[in-house]
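Structure record follows, encoded as structure tokens.
Protein chains: 2
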Amino acid sequence: MLSKKTQYAFRALSYLAENYGKGPVLISNISTEKRIPLKFLENILNELKKADLLDSKKGKGGGYSLRISPKKINLATVIRVINGPIALLPCVSLNFYEKCEDCNEENCGLRKMMTITRDATLKILEKKTLNDIMLAAV
Amino acid sequence: MLSKKTQYAFRALSYLAENYGKGPVLISNISTEKRIPLKFLENILNELKKADLLDSKKGKGGGYSLRISPKKINLATVIRVINGPIALLPCVSLNFYEKCEDCNEENCGLRKMMTITRDATLKILEKKTLNDIMLAAV
DNA sequence: TAACAACCTACCAAATTAGTAGGGAATATT
DNA sequence: AATATTCCCTACTAATTTGGTAGGTTGTTA
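Those protein sequence lines, which keep their order, are chains P and S.
Count along the first sequence starting at 1, add 18, and that's the number in the numbering used here.
Count along the second sequence starting at 1, add 18, and that's the number in the numbering used here.
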């Protein structure tokens with residue numbers, strides 16, 4: 019399951035997607051509009067910025083904005099930045115790979131099943147974008 | 019990601035699958051063969067039993083065995099018993115549904131994306147079985 | 001130079017995960 | 001009937017992760 023933090027991230031990003039091209043949005047705005055604890059949201063937006071998904075500007079007229087079009091930010095990217103691995107096992111993760119104890123990977127049956135699962139999941143998550151979230155919301 | 023407990027469960031079940039039809043297997047056997055802490059494994063096998071995946075027998079000659087053929091135990095079932103929900107959001111889970119705060123589900127774009135993702139994932143996990151794990155292991 | 005707004009470091013409480021300890025109950029063998 | 005065997009049950013614990021909060025710092029704009 020996605021952490022609450024990740025859900026907050028998606029809510030915030032949706033809001034920024036809706037305001038794409040309209041200049042920076044205040045953290046406090048997002049916080050009240052989307053009901054996300056302010057200071058927690060600060061952290062989240064900062065992480066998204068460090069992952070190059072957002073631009074920020076300090077001082078009056080400042081705030082956060084999407085760095086690129088909502089059409090170009092896919093869900094897998096967001097999940098990886100805030101939530102971590104998408105695969106169900108560390109030894110199957112593309113971006114967070116870790117060797118698993120007591121399993122010679124070449125002939126691990128579970129690993130093969132989880133690889134197939136990962137591919138099926140990624141096929142969706144890498145194709146769907148923030149823009150799709152907007153469009154799907156009535 | 020699957021918890022370590024779930025990985026243990028799969029390792030234990032694989033072992034039981036290999037021994038399907040050969041009578042009960044001792045917890046202590048599985049523990050040493052698959053390098054799973056004994057007392058922890060006890061809990062796991064007991065949970066799997068309560069979920070009707072295993073049979074158990076006490077006393078000499080006792081132990082655990084698969085209740086049904088490894089061909090009939092799919093991965094989604096195991097994950098749900100030991101790990102919990104497969105969906106990425108509670109409001110999208112078929113077996114562990116929970117309403118999510120601040121989202122009217124009908125028109126939540128994220129929810130729709132996560133539903134599609136869940137379906138893609140389940141399509142694999144519900145089709146693949148313990149038998150497939152055995153076959154895939156060299 | 002004041003106000004504004006993001007940034008940074010550090011801390012904290014609650015929940016979850018990964019176990020451990022120790023005895024109890026059922027079964028089989030002698 | 002007694003004993004050994006094996007699963008079953010309750011309770012506890014340590015470490016890690018999650019979900020925040022507090023308070024000051026830095027950069028920007030007017």
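The C-beta atom is built at its ideal place from N, Cα and C for all residues, glycine as well.
DSSP bridge partner residues for residue i (one or two, in chain order)
| i | result |
| --- | --- |
| Lys75/S | Gly81/S |
| Thr95/S | None; Thr95/S has no bridge partner. |
| Val43/P | Tyr82/P |
CB contact flag (residue i, residue j, <9 Å)
| i | j | result |
| --- | --- | --- |
| Phe58/P | Leu128/S | no |
| Ala105/P | Thr147/P | no |
| Leu63/P | Ile45/P | yes |
| Pro103/S | Asn92/S | no |
| Leu143/P | Ala94/P | yes |
| Leu20/P | Ile97/P | yes |
| Ser87/S | Tyr38/S | yes |
| Glu123/P | Lys117/P | yes |
| Leu155/P | Cys126/S | Just to set this straight, residue 155/P is Ala in the shown sequence, not Leu. Going by C-beta atoms, Ala155/P is nearer than 9 Å to Cys126/S. |
| Thr139/P | Thr139/S | yes |
N-terminal and C-terminal residue of the alpha helix (DSSP H) that residue i is part of
| i | result |
| --- | --- |
| Thr135/P | Gly127 to Leu143 |
| Arg53/P | Neither: Arg53/P is in no alpha helix (DSSP H) and is coded neither H nor E. |
| Leu31/P | Lys22 to Glu36 |
| Met152/S | Leu148 to Ala154 |
Nearest-angstrom beta carbon gap, residue j and residue i [assumed within contact, 8 Å]
| i | j | result |
| --- | --- | --- |
| Ala69/P | Val99/P | 4 Å |
| Asp120/P | Arg53/S | 5 Å |
Where residue i meets chain S, residues with beta-carbon distance less than 7 Å
| i | result |
| --- | --- |
| Val96/P | Within 7 Å Cβ-Cβ: nothing; Val96/P doesn't reach chain S, min ~10 Å. |
Amino acids of chain P, ordered along the chain, whose beta-carbon sits closer than 9 Å to that of residue i
| i | result |
| --- | --- |
| Pro88/S | Here the premise fails: no neighbours, minimum Cβ distance about 11 Å. |
| Leu93/S | Leu128, Met131, Met132 and Thr135 |
| Arg53/S | Glu119 and Asp120 |
| Lys23/S | Within 9 Å Cβ-Cβ: nothing; Lys23/S doesn't reach chain P, min ~13 Å. |
Contact list for residue i against chain P, beta-carbon separation under 7 Å
| i | result |
| --- | --- |
| Lys142/S | The displayed chain sequence assigns Ile, not Lys, to residue 142/S. Within 7 Å Cβ-Cβ: Ile134, Thr135 and Ala138. |
| Asn125/S | Ala155 and Val156 |
Under 8 Å from the C-beta of residue i: neighbouring residues of chain S
| i | result |
| --- | --- |
| Pro103/P | Met19 |
Residues that residue i contacts on chain P, provided the C-beta gap is smaller than 8 Å
| i | result |
| --- | --- |
| Val99/S | Result: empty, since nearest Cβ-Cβ is about 15 Å, beyond 8 Å. |
| Phe28/S | Leu128 |
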